[in-house]
Amino acid sequence: MTDSPPQPQDKLVNNERSLQQLAWGIEASVGQFKLILARCNYASWRDRLIQRLGEICQVEIRLLVVQQSHRTLYTAIREEFGEDVPACVMVVGLETVPDLAMMLTSANQVQEEFRKNFAFPLVLWIDDQIYKQLIQVAPDLESWAITRNFAIAKDDLITLVQQLAEQYFSNTLTLNLDAYLVLEAELEAAQRELLDDVQVSNLEVKANLSSLLGLATQVNNKINLALEHYQIALALWQQLNNLERLGKILGDIAFCYYLKVFKHEDITHPDWQATRHYLQEYLSFLSQAERPDLIANSILKFGVVLCDLQEWEQLKNIAGQALEIHQANNQPIELAKDYGFLAEVALAEERWLEANQFAQQALNVGVPSPATLAAEKVVVSNDLSLYRFLLARSQDHLGDYQEAIRNLEAAKDIGNPLTDLRLYLKILSHLQKLYFQQKAYLQAYEMKQQQRSVEQQFGLRAFIGAGRLQATKQVGTQGLAPLRIDNKDSIAPEIAASGRQLDVERLIERIGRPDKKLIVIYGQSGVGKSSLVNAGLVPALKNKAIGIQDNLPVAMRVYTNWVEVLGQLLGAGEAGEAGEQGRVRTGFIYLRYSFIHL
Numbered sequence: 019m020t021d022s023p024p025q026p027q028d029k030l031v032n033n034e035r036s037l038q039q040l041a042w043g044i045e046a047s048v049g050q051f052k053l054i055l056a057r058c059n060y061a062s063w064r065d066r067l068i069q070r071l072g073e074i075c076q077v078e079i080r081l082l083v084v085q086q087s088h089r090t091l092y093t094a095i096r097e098e099f100g101e102d103v104p105a106c107v108m109v110v111g112l113e114t115v116p117d118l119a120m121m122l123t124s125a126n127q128v129q130e131e132f133r134k135n136f137a138f139p140l141v142l143w144i145d146d147q148i149y150k151q152l153i154q155v156a157p158d159l160e161s162w163a164i165t166r167n168f169a170i171a172k173d174d175l176i177t178l179v180q181q182l183a184e185q186y187f188s189n190t191l192t193l194n195l196d197a198y199l200v201l202e203a204e205l206e207a208a209q210r211e212l213l214d215d216v217q218v219s220n221l222e223v224k225a226n227l228s229s230l231l232g233l234a235t236q237v238n239n240k241i242n243l244a245l246e247h248y249q250i251a252l253a254l255w256q257q258l259n260n261l262e263r264l265g266k267i268l269g270d271i272a273f274c275y276y277l278k279v280f281k282h283e284d285i286t287h288p289d290w291q292a293t294r295h296y297l298q299e300y301l302s303f304l305s306q307a308e309r310p311d312l313i314a315n316s317i318l319k320f321g322v323v324l325c326d327l328q329e330w331e332q333l334k335n336i337a338g339q340a341l342e343i344h345q346a347n348n349q350p351i352e353l354a355k356d357y358g359f360l361a362e363v364a365l366a367e368e369r370w371l372e373a374n375q376f377a378q379q380a381l382n383v384g385v386p387s388p389a390t391l392a393a394e395k396v397v398v399s400n401d402l403s404l405y406r407f408l409l410a411r412s413q414d415h416l417g418d419y420q421e422a423i424r425n426l427e428a429a430k431d432i433g434n435p436l437t438d439l440r441l442y443l444k445i446l447s448h449l450q451k452l453y454f455q456q457k458a459y460l461q462a463y464e465m466k467q468q469q470r471s472v473e474q475q476f477g478l479r480a481f482i483g484a485g486r487l488q489a490t491k492q493v494g495t496q497g498l499a500p501l502r503i504d505n506k507d508s509i510a511p512e513i514a515a516s517g518r519q520l521d522v523e524r525l526i527e528r529i530g531r532p533d534k535k536l537i538v539i540y541g542q543s544g545v546g547k548s549s550l551v552n553a554g555l556v557p558a559l560k561n562k563a564i565g566i567q568d569n570l571p572v573a574m575r576v577y578t579n580w581v582e583v584l585g586q587l588l589g590a591g592e593a594g595e596a597g598e599q600g601r602v603r604t605g606f607i608y609l610r611y612s613f614i615h616l
């Protein structure tokens with residue numbers, strides 16, 4: 019005879035019992051180190067449990083929210099509490115750490131430091147995936163811990179999924195990018211708990227789960243997986259005859275295929291064709307639904323797609339409709355985008371004067387208020403960069419070359435390759451062409467070198483000849499949100515390809531030794547000293563800790579009044595790298611040919 023599945027009331031009783039045991043464990047361990055793992059797969063449920071724990075526990079619990087900037091768990095705790103010895107520390111947010119395996123490995127390596135320096139119980143809130151990683155990469159640390167498990171009743175879980183789906187389909191789901199990492203893990207856990215249960219046969223629950231998983235994996239840059247989830251959701255919403263949600267999924271599928279096409283210049287590639295097909299399906303749905311508000315919103319997301327597909331007539335039609343709505347609603351930022359798309363159409367149709375007028379209008383209405391600029395600085399700056407680029411293109415065709423150069427330089431200065439790499443490279447390319455035409459050969463050469471350097475950083479060019487290698491970056495694309503953008507520097511692949519990876523590892527080993535206070539890299543000009551540092555050592559040290567200490571790499575090439583410049587760089591570096599952690603405990607300074615290890 020098999021046991022019947024746990025009922026919701028049973029889970030509530032079990033959770034209360036586990037909370038009581040957790041509270042007793044904390045109270046019994048005050049004044050000594052004890053590691054406790056609290057397993058819960060859902061952040062909202064975890065927060066309710068923590069609130070309840072605070073009510074029943076007789077010990078003050080100090081909460082530490084791990085940040086992405088934290089590289090080691092040990093230093094995160096040390097910097098947060100300093101010499102103050104709390105009665106208990108509870109850690110949340112481990113699921114948002116980009117390289118959690120490295121953090122857990124580091125904690126495993128310095129586990130004795132926890133026992134010697136942390137005389138208080140330490141509670142780590144983890145989910146099932148973190149627990150698996152902990153067993154794999156930090157088995158010694160895990161063996162110290164006692165574990166308490168907390169589950170959620172199926173009815174509560176179904177309600178949670180339904181609430182998230184309502185927010186998603188009404189475009190009111192406002193999560194930051196880190197929260198999408200957590201959301202993906204939670205939805206996967208919900209899928210295991212709900213869809214594997216034969217008692218849960220509700221098609222709407224399955225459709226909601228697939229839709230939300232599509233969104234989460236899309237934002238987390240797992241585009242192929244997102245398409246799989248969206249296709250399942252599409253079939254389910256068709257079966258349920260829910261046309262409104264069906265239309266939303268069509269748009270998201272088109273968007274995902276567009277995110278894939280950047281790898282293919284040939285517009286006959288199947289991904290381009292799929293983009294065109296699903297976008298036409300989505301726009302047809304909007305037209306039949308007679309929802310001008312949705313049409314106006316669609317241009318903000320799909321205007322760039324229509325430009326790349328060269329669907330000029332359709333873009334002109336939608337931009338015209340959006341223009342009326344955004345004017346009526348007094349939405350200047352959106353109105354500027356409409357004018358920008360109309361300028362794109364005019365340029366494609368070689369109506370240079372009209373393109374010039376549309377670009378000017380975009381700039382005139384798109385200048386943000388101070389409050390808007392503070393809230394959306396990067397996005398607004400990139401929009402203004404685009405409008406100046408469009409204006410410069412029209413001026414070039416109208417023969418106003420000096421004004422075109424001035425606007426291109428302004429577009430370059432306020433543009434950001436991390437936000438829109440394609441636009442930034444187009445600006446540099448156009449500047450190089452205009453400088454060359456005006457016989458300003460030095461400026462043209464500088465633009466070409468800058469273009470090659472940016473291409474190398476973003477993996478579009480393998481080698482840059484006489485230039486210096488830089489750390490590689492992950493790029494985002496303007497207008498294509500939500501999309502996770504990884505701004506973290508990475509070691510350039512050329513370092514490994516040239517055999518310099520071993521040199522980087524040897525330098526890191528020396529920097530970690532207390533008897534190596536000065537490290538000198540020497541060699542003839544052009545052998546790759548600067549590239550080794552900028553493209554190899556600096557990103558390596560930014561992304562890892564040495565023992566229990568963090569690193570603050572500061573590279574400088576200024577020799578006049580270098581002490582003052584060093585102070586400025588150290589201040590900026592500590593603000594940027596340390597964030598809320600406070601003082602960085604170790605670092606190095608690069609002075610052209612040498613390292614001073616602090």
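With the first letter of the sequence shown counted as 1, position 565 gets the number 583 in the numbering used here; the numbers rise by one all the way through. Every residue, glycine too, gets a C-beta built ideally from N, C-alpha and C.
Nearest-angstrom beta carbon gap, Val-383 and Pro-353 [assumed within contact, 8 Å]: Counting from 1 along the sequence shown, the entry for residue 353 is found at position 335. Counting from 1 along the sequence shown, the entry for residue 383 is found at position 365. Before going further, note that residue 353 is Leu rather than Pro in the sequence given. Indeed they touch by this definition, with Cβ atoms about 5 Å apart.
Contacting residues, own chain, Cβ-Cβ under 6 Å from His-415 (five flanking each side not counted): Position 397 of the sequence shown, counted from the first residue, corresponds to residue 415. If we look at His-415 and ignore the five residues flanking it on each side, its Cβ neighbours are Trp-370.
Classification of Lys-395 by the beta-carbon crowding that lies within 10 angstroms, buried from 16 upward: Taking the first residue of the sequence shown as 1, we reach residue 395 at position 377. The predicted position of Lys-395 is uncertain, since its pLDDT is 46 and thus under 50; no value can be drawn from it.
Selected residue, minimal CA-CA separation from Val-200, among Ala-234, Leu-258, Lys-266: In the sequence shown, the residue the question calls residue 200 occupies position 182. Taking only the C-alpha atoms, the option nearest Val-200 is Ala-234.
Asn-167 - partner residues in DSSP beta bridges: Here residue 167 refers to the residue found at position 149 when the sequence shown is read from its first residue. Bridge partners of Asn-167: Arg-57.
Proximity of Leu-449 and Met-465 at Cβ, strictly below 7 Å: Here the question's residue 449 lines up with position 431 in the sequence shown. Here the question's residue 465 lines up with position 447 in the sequence shown. Against a cut-off of 7 Å, the Cβ pair of Met-465 and Leu-449 comes out as a contact.
Ranges of the beta strand (DSSP E) found wholly within the segment 105 to 135, counting only runs of at least 3: 107 to 110
Straight-line gap, Phe-454 to Leu-426 (C-alpha atoms, nearest Å): The residue you call residue 454 lines up with position 436 of the sequence shown. The residue you call residue 426 lines up with position 408 of the sequence shown. Their Cα atoms are separated by approximately 14 Å.
Span of the alpha helix (DSSP H) around Ile-317: Here residue 317 refers to the residue found at position 299 when the sequence shown is read from its first residue. First-last of the alpha helix (DSSP H) with Ile-317: 310 to 327.
Straight-line Cα distance separating Ala-272 from Ile-79: As a position in the sequence shown, residue 79 is number 61, starting the count at 1. As a position in the sequence shown, residue 272 is number 254, starting the count at 1. Take the alpha-carbon of Ile-79 and the one of Ala-272: they are about 48 Å apart.
Stretch pair the segment 164 to 173 + the segment 185 to 204: three plus CB contacts closer than 8 Å: With a cut-off of 8 Å, the segment 185 to 204 and the segment 164 to 173 do not count as touching, because too few Cβ pairs lie within range.
Other residues of its chain near Val-385: CB distance less than 6 Å, five sequence neighbours each side excluded: The sequence position of residue 385 within the sequence shown is 367, counting from 1. So the list is empty, once near-sequence residues are dropped.
Cα-Cα separation between Glu-362 and Leu-243, rounded to whole angstroms: Locating residue 362 in the sequence shown gives position 344, where the first residue counts as 1. Locating residue 243 in the sequence shown gives position 225, where the first residue counts as 1. If you take the alpha carbons of Glu-362 and Leu-243, they lie about 33 Å apart.
Exposure label - Glu-595; buried when at least 16 CB within 10 Å: Here the question's residue 595 lines up with position 577 in the sequence shown. With a pLDDT of only 47 at Glu-595, under the threshold of 50, the placement of this residue in the model should not be trusted; the figure read from the coordinates follows. Glu-595 is buried by the Cβ-count criterion.
The alpha helix (DSSP H) enclosing Ile-432, as first and last residue numbers: Numbered from 1 along the sequence shown, position 414 holds the residue referred to as residue 432. The continuous alpha helix (DSSP H) containing Ile-432 extends over residues 419 to 432.
Cα-Cα separation, Tyr-276 to Glu-473: Within the sequence shown, the letter at position 258 stands for residue 276. Within the sequence shown, the letter at position 455 stands for residue 473. Approximately 21 Å, taken between the alpha carbons.
Sequence-distant residues of the same chain with beta carbon closer than 6 Å to Asp-270, five excluded per side: Taking the first residue of the sequence shown as 1, we reach residue 270 at position 252. Within the same chain, Cβ atoms closer than 6 Å to the Cβ of Asp-270 are found at Tyr-248, the five residues on either side in sequence being excluded.
Three-way DSSP call (helix, strand, coil) for Ile-539 in this model: Locating residue 539 in the sequence shown gives position 521, counting from the first residue. Reduced to three states, the DSSP call for Ile-539 is coil.
Beta-carbon proximity of Ile-423 to Leu-452, cut-off 7 Å: As a first step, residue 423 is located in the sequence shown; it is residue number 405 there, counting from the start. As a first step, residue 452 is located in the sequence shown; it is residue number 434 there, counting from the start. Yes, the Cβ-Cβ distance between Ile-423 and Leu-452 is below 7 Å.
C-alpha gap between Ala-428 and Pro-350, whole angstroms: Numbered from its first residue, the sequence shown carries residue 428 at position 410. Numbered from its first residue, the sequence shown carries residue 350 at position 332. If I take the Cα positions, the gap works out to 21 Å.
C-beta atoms of Leu-245 and Cys-274 nearer than 7 Å: Here the question's residue 245 lines up with position 227 in the sequence shown. Here the question's residue 274 lines up with position 256 in the sequence shown. Yes. Within cutoff.
C-beta atoms of Ala-373 and Ala-364 nearer than 7 Å: Numbered from its first residue, the sequence shown carries residue 373 at position 355. Numbered from its first residue, the sequence shown carries residue 364 at position 346. Yes, the Cβ-Cβ distance between Ala-373 and Ala-364 is below 7 Å.
Beta-bridge partners of Lys-52, as assigned by DSSP: Numbered from 1 along the sequence shown, position 34 holds the residue referred to as residue 52. Looking at the DSSP assignment, Lys-52 forms a beta bridge with Pro-139.
Reduced DSSP category for Pro-557 - H, G, I as helix; E, B as strand; rest coil: The count along the sequence shown starts at 1 and reaches residue 557 at position 539. Of the three classes helix, strand and coil, the one that applies to Pro-557 here is helix, per DSSP.
Exposed unless 16 or more other CB atoms sit within 10 angstroms - verdict on Ile-336: Against the sequence shown, residue 336 aligns to sequence position 318. Burial is judged here by how many other beta carbons sit within 10 angstroms of a residue's own beta carbon; Ile-336 has at least 16 and is buried.
Proximity winner among Gln-475, Arg-411, Gln-456, Tyr-459, relative to Leu-436 (alpha-carbon distances): One-based indexing of the sequence shown puts residue 436 at position 418. Comparing Cα-Cα distances from Leu-436 to each of Gln-475, Arg-411, Gln-456, Tyr-459, the minimum goes to Gln-475.
Simplified DSSP state of Ile-144, which is helix, strand or coil: The residue you call residue 144 lines up with position 126 of the sequence shown. In the structure shown, Ile-144 sits in a strand (DSSP, three-state: E or B).
Boundaries of the beta strand (DSSP E) in which Arg-80 is found, first to last residue: Start at 1 with the first residue of the sequence shown, and residue 80 comes out as number 62. Unbroken beta strand (DSSP E) run through Arg-80: 80 to 83.
Burial state of Glu-73, where buried means 16 or more other Cβ atoms lie within 10 Å: Position 55 of the sequence shown, counted from the start, is the residue given in the question as residue 73. Label assigned to Glu-73: exposed.
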